[in-house]
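A short write-up of the structure that comes next.
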Amino acid sequence: MGFVEKGAVRIHYEEAGSGYPLLLIAGGGLNSCIERITGPYPPFNAMKEFSNEYRCVAFDLRNAPPGQSSGPLEIDRPWDSHTDDQLALMDHLGCQKFMVLGFCIGGPLIWNLLKRAPDRVAAAVLAMPSGSRPELRDYFYDANMTGWAPELVKRRSDITMERAERFLTRMYRTNPDFVFTVTRDFVKSCQTPVLILPDDIPAHPYAVAMETALLAPNAEVSMFPWKEPPERVPLAVRQIRSFLRAHRPGA
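Quick note, the working numbering runs 35 ahead of the 1-based positions in the sequence shown.
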């Protein structure tokens, strides 16, 4: 375990294993933290599954109340501030190039990584990625106003509900379509190999996941459903493993 500090930002991270770097982004929305990668959260423990073959790096999202990472709320650039943290972490670890596996909020964050640093990400796996439903445009705004902001404000005297509300408005209401961080035209032009494992709950719309899979020129997609029954999860993990091996530089 360790911390990366850059200005007012402090990111808590954990490593396991050795080999080609694999950045792991936990689910849980803005409550994304290491425990959701290493702990008993479904659908599988990514650190345990892949640290026998890769240098796995997990981290607490900046200002996730269950975690230990902290920094300012950058109201004008919420998604980019998180991408800054991920790139700074990999810089700190000496990982110029890496692969990435993300759950839930990891979907939009991975697309932003691919936009910001296309030459650094060798391949990406988006498991049950978040996306916007036309009939539920305010789903993430509402969920975080009740499930993230109050706890953060309680812990941080420098952050008010008004600032949290402005942050969430910029994050989820300014471009409330598709995957929040990139356009369909970007996905069409993205040459990075991606593997998509769709889900279908309000936060993880199947239609958006499949649209990205159809648009991205080097995309693969898993079976669906892959989380139920539980016997299917090992098959999905096997597909992720094969995908990562196929696209690992020098393989």
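Ideal Cβ positions, reconstructed from N, Cα and C, are used throughout, including at glycine. Bear in mind the structure is a predicted one, so any value in this text is a computation, not a measurement.
Residue i classed as buried or exposed, judged by whether at least 16 other C-beta atoms fall within 10 angstroms
| i | result |
| --- | --- |
| arginine 190 | exposed |
| leucine 65 | buried |
| aspartate 95 | buried |
| isoleucine 46 | buried |
| glycine 137 | buried |
| leucine 57 | buried |
| serine 192 | exposed |
| arginine 4 | Limits of the chain in this structure are 36 at one end and 286 at the other, which puts residue 4 out of reach. |
| proline 169 | exposed |
| serine 167 | buried |
| glutamine 121 | buried |
Distance between residue j and residue i (C-alpha atoms, nearest Å)
| i | j | result |
| --- | --- | --- |
| threonine 73 | aspartate 212 | 31 Å |
| glutamine 103 | proline 75 | 19 Å |
| proline 113 | aspartate 173 | 16 Å |
| alanine 281 | glycine 54 | 15 Å |
| serine 165 | phenylalanine 278 | 21 Å |
| glutamate 255 | threonine 195 | 42 Å |
| histidine 239 | threonine 218 | 17 Å |
| threonine 247 | asparagine 210 | 17 Å |
| alanine 251 | tyrosine 241 | 16 Å |
| lysine 262 | isoleucine 231 | 13 Å |
| phenylalanine 85 | proline 77 | 15 Å |
| tyrosine 89 | glycine 52 | 6 Å |
| leucine 148 | alanine 43 | 22 Å |
| alanine 152 | proline 264 | 36 Å |
| aspartate 119 | proline 269 | 33 Å |
| alanine 244 | valine 188 | 32 Å |
| valine 110 | glutamate 197 | Per the sequence shown, residue 110 should be read as isoleucine rather than valine. Going by the C-alpha atoms only, they are around 11 Å apart. |
| alanine 61 | aspartate 234 | 15 Å |
The beta strand (DSSP E) enclosing residue i, as first and last residue numbers
| i | result |
| --- | --- |
| tyrosine 76 | No beta strand (DSSP E) contains tyrosine 76, which DSSP labels as neither H nor E. |
| leucine 58 | 55-60 |
| isoleucine 236 | Per DSSP, isoleucine 236 belongs to no beta strand (DSSP E) and is neither H nor E. |
Contact check, residue i vs residue j, beta carbons under 8 Å
| i | j | result |
| --- | --- | --- |
| serine 257 | isoleucine 140 | no |
| lysine 132 | proline 284 | yes |
| leucine 124 | tyrosine 48 | yes |
| methionine 180 | leucine 144 | no |
| methionine 134 | alanine 99 | no |
| isoleucine 275 | valine 160 | yes |
| valine 214 | glycine 142 | yes |
Strand pairing of residue i, partner residues [DSSP]
| i | result |
| --- | --- |
| leucine 161 | Gly137, Ile231 |
| isoleucine 46 | Val39 |
| cysteine 68 | In DSSP, cysteine 68 forms no bridge with anything. |
| arginine 90 | Pro56 |
| serine 105 | Arg45 |
| valine 272 | According to DSSP, valine 272 bridges with nothing at all. |
| valine 290 | There is no way to answer for residue 290, as the model of the chain reaches only from 36 to 286. |
| alanine 51 | Cys91 |
Residue i - containing alpha helix (DSSP H), residue span
| i | result |
| --- | --- |
| valine 256 | Taken as a continuous stretch (DSSP letters only), valine 256 belongs to no alpha helix (DSSP H), being part of the beta strand (DSSP E) at 254-256. |
| proline 185 | 184-190 |
| phenylalanine 221 | 219-224 |
| threonine 204 | 196-207 |
| alanine 248 | 241-250 |
| proline 113 | 113-127 |
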